[in-house]
Amino acid sequence: MSAVITKILTTLLWLIVISVVTNIVKQLLFRDPHRPPVVWHWFPLIGSTVDYGQDPYEFFFKCREKYGDFFTFGLLGMKVTVYLGAKGNNFILNGKLKDLNAEEVYGPLTVPVFGRGVVYDVDNARFMDQKRLLKEGFTSTNLRAYVPQFIKETEQYINTNAIFQGEGGVCDISTVLSEISLYSAAGSLQGKEVRDSFDSSFATYYRHLDDGFAPINFMFPWLPIPVNRRRDRAQKMMANLYMDIIKKRRSTGNEDGSHDMLWALMDGRYKEGTPLADEEIANLMIALLMGGQHNSAASGTWIMLHLAHRPHLIEELYQEQLSVLGGQAPTYDTLQELTLHNNVIKETLRLHSPIHSIMRKVKQPMQIPETDVVVPAGHILLAAPGVPSRCEEFFPDPMAWNPHRWDKPDEAGQQQQLNEKGEDNDTIDYGYGAVLSKAVNSPYLPFGAGRHRCVGETFAYAQLGAILATFVRLLQWEQVDPMAPVPATDYSELQTSEIMEVLTDFASTVDVLATNASSYS
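For the sequence shown, position 285 (counting from the first letter as 1) is numbered 285 according to full-length UniProt numbering, and the numbering increases by one without interruption.
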């Protein structure tokens with residue numbers, strides 16, 4: 001028996017050796033000048049998976065220095081071609097449907113979590129129409145109704161959570177922002193019934209769905225492992241919860257004139273005039289909750305962490321509120337007047353974009369403009385919009401977190417403003433409203449660009465602004481260890497949001513809390 005095992009192990013070892021040697025020979029002797037350069041690697045199936053997974057940005061910049069703006073690397077058996085910079089963003093994010101496909105990349109991971117009939121489980125035209133309907137729920141009228149809810153939820157959390165009672169305390173800021181962003185989204189966008197359903201069972205279902213975003217599910221979403229069984233059960237339970245709410249709403253009507261996304265979808269129609277099925281509405285609400293909460297929690301955590309290392313900026317923010325608001329809570333309109341608050345959010349999103357890689361499956365060979373290089377069908381094309389925002393040519397001292405860099409926009413900031421205003425720019429409608437076709441040229445793209453640009457951008461800015469303004473108005477905080485650096489991003493998670501075990505010292509400003517929180521009790 002031992003001889004058989006030894007023979008099997010020896011055979012496997014030789015197979016590995018042969019595959020490694022073959023892989024090395026191919027890289028050294030059979031380079032194709034009409035294909036993107038391949039990042040050097042030893043093992044054909046593993047490729048550069050480890051280097052990319054540990055720190056994508058470091059990997060991108062190292063490869064850019066060696067190979068240029070485009071190159072191919074191995075990722076768990078897949079061939080991923082990266083194209084960096086504004087030209088790369090335009091090539092990928094403004095790519096044509098006949099050339100690029102997002103559903104094949106993200107569908108296996110997201111469909112079991114979001115559910116059937118929505119997002120990457122439908123063809124692109126239907127998904128764009130769903131984005132149009134979602135975008136209608138982010139009107140300025142709705143945002144004006146949401147902001148007081150953001151503030152109310154944040155104040156309630158601070159006033160009732162044991163962490164913030166007394167003269168001071170210590171908290172895990174990642175957990176705090178995760179909970180506040182979830183509650184504030186539910187209390188506004190999701191609707192009163194959903195917020196009232198936030199008991200221990202709902203929280204458990206949410207966590208089990210969130211666990212379904214495990215990296216292994218990019219490749220094997222069907223594995224009958226415990227995390228996937230819990231994911232599938234949670235998806236059914238949460239969808240049923242939404243459908244029960246929809247059924248009750250249809251029977252009673254919108255008596256109080258609510259402005260939430262659930263009503264927007266219930267009243268919405270696809271372009272051909274058909275209403276959304278209840279299951280589609282439920283699954284879209286789940287997708288909205290999962291995607292939005294992750295990004296807001298991640299961005300909010302980074303904002304608080306950076307400010308904890310610069311308490312003088314918290315004082316500047318507080319003085320700005322006194323000057324603009326007179327110590328009162330902001331509204332949606334007055335949030336726009338808090339320049340430094342908005343610059344803090346911009347600077348944080350510049351350095352900590354929620355998504356570092358945007359991928360598309362290549363459906364037919366694509367020639368990179370102004371070159372003889374062709375990306376073959378079957379490759380995965382990867383855009384990294386966060387790379388230009390970390391480049392010296394656009395942002396001096398790019399890795400320094402400095403909100404005041406936005407006080408007087410340099411060329412990069414002016415380009416962003418130009419894109420926002422639409423001056424000297426073309427627009428294109430992918431099916432969810434006109435967007436700027438040249439916006440991909442901006443070095444600041446925290447919400448993506450092109451066909452799959454995030455429709456919740458205005459909601460995210462309003463939510464983050466309201467939460468930040470409330471923290472500044474009610475609290476003072478600083479890092480427990482003043483000498484400790486801002487922690488590095490943990491890229492082992494799919495999202496750059498989980499910075500666990502980061503402790504921040506909160507000293508409650510009791511007089512401000514007593515004066516300004518009373519009107520919202």
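Even glycine gets a Cβ: it sits at the ideal position worked out from N, Cα and C. What you are looking at is a predicted structure, and each value in this text was computed from that prediction instead of being measured.
Cut-off 6 Å between Cβ atoms - residues of its own chain near residue i, not counting five sequence neighbours on either side
i: D211; result: V227
i: G137; result: M261, A264
i: F218; result: L109
i: N101; result: K361, K363
i: L445; result: P385
i: K62; result: none
i: M304; result: I173
i: N124; result: L97
i: residue 543; result: The chain is shown only over 1 to 521; residue 543 falls outside these bounds and no answer can be derived.
i: T10; result: none
i: V194; result: A186
i: Y157; result: I180
i: L45; result: G77
Assumed close pair residue i, residue j - CB separation to whole angstroms, cut-off 8 Å
i: G85; j: D69; result: 5 Å
i: L288; j: L189; result: 7 Å
i: P388; j: P443; result: 4 Å
i: E320; j: H341; result: 7 Å
i: V38; j: Q54; result: With a Cβ gap of about 20 Å, V38 and Q54 do not count as contacting.
i: N295; j: A460; result: 6 Å
i: L284; j: L134; result: 7 Å
i: I225; j: A282; result: About 25 Å separates the two Cβ atoms, so there is no contact after all.
i: Y332; j: D129; result: Actually they do not touch by this definition, with Cβ atoms about 27 Å apart.
i: A3; j: L177; result: Wrong, their Cβ atoms sit about 59 Å apart, outside the cutoff.
Where residue i falls, given that 16 or more other Cβ within 10 Å makes a residue buried
i: K131; result: buried
i: T110; result: buried
i: K236; result: exposed
i: G268; result: buried
i: L317; result: buried
i: K421; result: The predicted model places K421 with a pLDDT of 48, which falls under 50 and marks its position as unreliable, so this point remains unresolved.
i: T348; result: buried
i: K7; result: exposed
i: G386; result: buried
i: S19; result: exposed
i: P396; result: exposed
i: P33; result: exposed
i: I345; result: buried
i: P56; result: buried
i: residue 527; result: The requested residue 527 is not part of the displayed model; the chain covers only 1 to 521.
i: S174; result: buried
i: H306; result: buried
i: T371; result: exposed
i: P482; result: exposed
i: Q328; result: exposed
i: F30; result: exposed
i: T489; result: buried
i: G292; result: buried
i: M366; result: buried
i: I16; result: exposed
Own chain, CB closer than 8 Å to residue i, minus 5 neighbours either side, in chain order
i: E279; result: G115, R116, G117, A239, M243
i: E104; result: K361
i: L209; result: V113, R231, A234, Q235, M238, I286, M290
i: L75; result: G47, S48, T49, Y52, I380
i: K98; result: K363, Q364
i: F60; result: V82, L84, A384, V387
CB contact below 8 Å: residue i versus chain B
i: G53; result: Looking at the structure shown, chain B is missing, and only one protein chain is on hand.
Contacting residues, own chain, Cβ-Cβ under 7 Å from residue i (five flanking each side not counted)
i: A383; result: Y83, G88, N89, I92, L93, I358
i: E153; result: I180, Y183, S184, G187
i: D121; result: G107, V111
i: L325; result: T334
i: V440; result: A86, N89, N90, L93, N94, A449, G450
i: Y205; result: A234, M237, M238
i: V472; result: I314, L317, Y318, Q321
i: F447; result: R453, C454, E457
i: H259; result: T141, N142, A145
Closer than 7 Å: residue i CB and nearest the ligand PLP heavy atom
i: D210; result: Within the structure as shown, the ligand PLP is missing, as the structure has no ligands at all.
>> Which complete alpha helix (DSSP H) runs does the stretch 85-165 hold, if anything under 4 residues is left out?
In response: 85-93, 103-114, 124-135, 140-160
> Mind pulling the alpha helix (DSSP H) runs of 4 or more residues that sit fully within the stretch 209-266?
Replying inline: 226-252
> Enumerated in chain order, which unbroken segments of the beta strand (DSSP E) with a length of 3 residues or greater are wholly contained in the stretch 371-396?
Replying inline: 380-383
> Fully enclosed by the stretch 8-93, which beta strand (DSSP E) runs are 3 residues long or longer?
Replying inline: 70-75, 78-83
>> Assess contact between the stretch 149-168 and the stretch 342-357, defined as three or more Cβ pairs (one per stretch) separated by less than 8 Å. Is contact present?
In response: no
> So does the stretch 447-466 actually touch the stretch 133-152, counting three or more Cβ pairs closer than 8 Å?
Replying inline: yes
>> Quick check for students: name the residue ranges of the beta strand (DSSP E) that lie wholly in the stretch 335-360, counting only runs of 3 or more.
In response: none
>> Tell me whether the stretch 472-488 and the stretch 306-323 touch, counting them as touching only if at least three CB pairs, one residue from each stretch, are closer than 8 Å.
In response: yes
> Are at least three pairs of beta-carbons, each pair with one atom in the stretch 442-456 and one in the stretch 270-278, less than 8 Å apart?
Replying inline: no
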